[in-house]
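Residue numbers (the numbering used here): 3 to 239.
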Amino acid sequence: MIVLAMESSAIVASVAVCNEERVLGEYTLCNGNTHSETLLPMIESLLHFLGLTVNDVDLFAVSAGPGSFTGVRIGVATMKGLAFGSGKPCVGVSTLEALAHRYQIPSGLICPVMNARRKQVYTALFRAENGQLTRLMEDSAISVEELDERLNAYGEPISFVGDGYDLVKTHLKHFNHQTPANLRDQSASAVAYAALRAYNQGKYITDSELAPVYLRPCQAERERAEREAMKKEGATP
3 MIVLAMESSA
13 IVASVAVCNE
23 ERVLGEYTLC
33 NGNTHSETLL
43 PMIESLLHFL
53 GLTVNDVDLF
63 AVSAGPGSFT
73 GVRIGVATMK
83 GLAFGSGKPC
93 VGVSTLEALA
103 HRYQIPSGLI
113 CPVMNARRKQ
123 VYTALFRAEN
133 GQLTRLMEDS
143 AISVEELDER
153 LNAYGEPISF
163 VGDGYDLVKT
173 HLKHFNHQTP
183 ANLRDQSASA
193 VAYAALRAYN
203 QGKYITDSEL
213 APVYLRPCQA
223 ERERAEREAM
233 KKEGATP
């Protein structure tokens with residue numbers, strides 16, 4: 003099974019082509035949020051050098067969020083366009099789950115963290131055991147302080163991955179495990195691995211059903227809600 007996977011939920015732009023769990027090729031850029039300009043050329047180049055076309059793809063996989071609202075939208079829209087009309091299955095992968103697959107240790111706790119601004123993180127928690135991941139916490143948008151409290155209950159070393167690594171390293175009391183820098187960022191091959199796992203469990207959708215997953219309103223929606231709340235308060239006698 004040929005899998006085309008894409009990751010654009012943060013600064014990293016990454017595309018990968020896999021044959022089942024074997025990575026045939028992967029391109030990764032970390033030069034800022036220019037995904038609208040880079041993703042399609044990266045895909046076209048990678049497929050070209052592998053001697054493949056989009057028609058050879060059996061499974062389309064994309065990081066569907068959480069993450070940058072713009073980045074997630076671009077990634078999902080691009081993958082929808084590539085899969086459109088093909089009738090091939092699609093999988094929208096949790097960015098946080100893919101990060102956990104990116105740094106899958108033989109055993110122990112893995113906590114993916116993405117900087118959600120305002121001293122908040124997008125996060126989840128997984129336990130690695132015998133090569134398998136078990137989810138212990140649903141994808142959440144919470145404060146660093148709340149994350150610290152939740153993790154304290156486990157009382158064991160925790161591996162952190164994601165672009166929120168430096169943030170939690172600075173603010174978490176229970177930061178006690180160093181992760182190599184080259185294994186902290188998002189990766190399209192990890193998205194492919196998580197998508198294959200979902201596909202084998204029958205968890206796949208059509209291109210029309212593929213959609214972003216947001217854990218909180220975007221900045222524009224938050225600001226509008228704040229303005230409307232202020233208007234209501236001002237109108238209160």
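No residue lacks a Cβ here, since even glycine has one placed at the ideal position from N, Cα and C.
What residues in its chain sit with their C-beta under 8 Å from that of residue i, if we drop five residues either side in the sequence?
i, result
"Leu98", "Pro68, Pro114, Met116, Tyr124, Thr125, Ala126, Asp141, Gly164"
"Pro159", "Gly110, Leu111, Asn178, His179"
Which residue's Cα is closest to the Cα of residue i: the options?
i, options, result
"Ala130", "Asn178, Ile107, Ser10, Glu151", "Ile107"
"His103", "Gln188, Val215, Ile4", "Gln188"
"Gly89", "Tyr216, Ile207, Leu153, Phe128", "Ile207"
"Val14", "Gly87, Met44, Arg24, Val25", "Met44"
"Tyr105", "Thr181, Thr36, Leu48", "Thr181"
"Lys175", "Tyr201, Glu147, Ala79", "Glu147"
"Leu31", "Leu61, Leu42, Ala155", "Leu42"
"Arg75", "Gly204, Asn33, Leu169, Ser10", "Ser10"
If residue i and residue j are in contact, beta carbons under 8 Å, what's the gap, nearest whole angstrom?
i, j, result
"Val19", "Ile4", "7 Å"
"Asp209", "Ala85", "4 Å"
"Ala12", "Gly77", "Actually they do not touch by this definition, with Cβ atoms about 10 Å apart."
For residue i, collect the residues of the same chain with a Cβ closer than 6 Å to its Cβ; drop the 5 residues on either side in sequence, then sort them by chain order.
i, result
"Arg218", "Ala143"
"Ala7", "Ala18, Ala63, Ala190, Val193, Ala194"
"Phe128", "Ala102, Ile112, Leu135, Arg137"
"Val215", "Ala66, Gly67"
"Ala197", "Ala63, Val93, Val95"
"Pro91", "Leu61, Tyr206"
Quick one: residues in its chain with C-beta nearer than 7 Å to the C-beta of residue i, no 5 flanking neighbours on either side, listed in chain order?
i, result
"Glu223", "Note that Glu223 has pLDDT 46, beneath the 50 cutoff, so the model's placement of it is unreliable and no number is given."
"Thr55", "Leu49"
Less than 7 Å between the beta carbons of residue i and residue j, yes or no?
i, j, result
"Arg152", "Tyr167", "no"
"Lys82", "Leu212", "yes"
Item to check | beta strand (DSSP E) segments (min. 3 residues) lying fully within the segment 126–158 | outcome: 134–145
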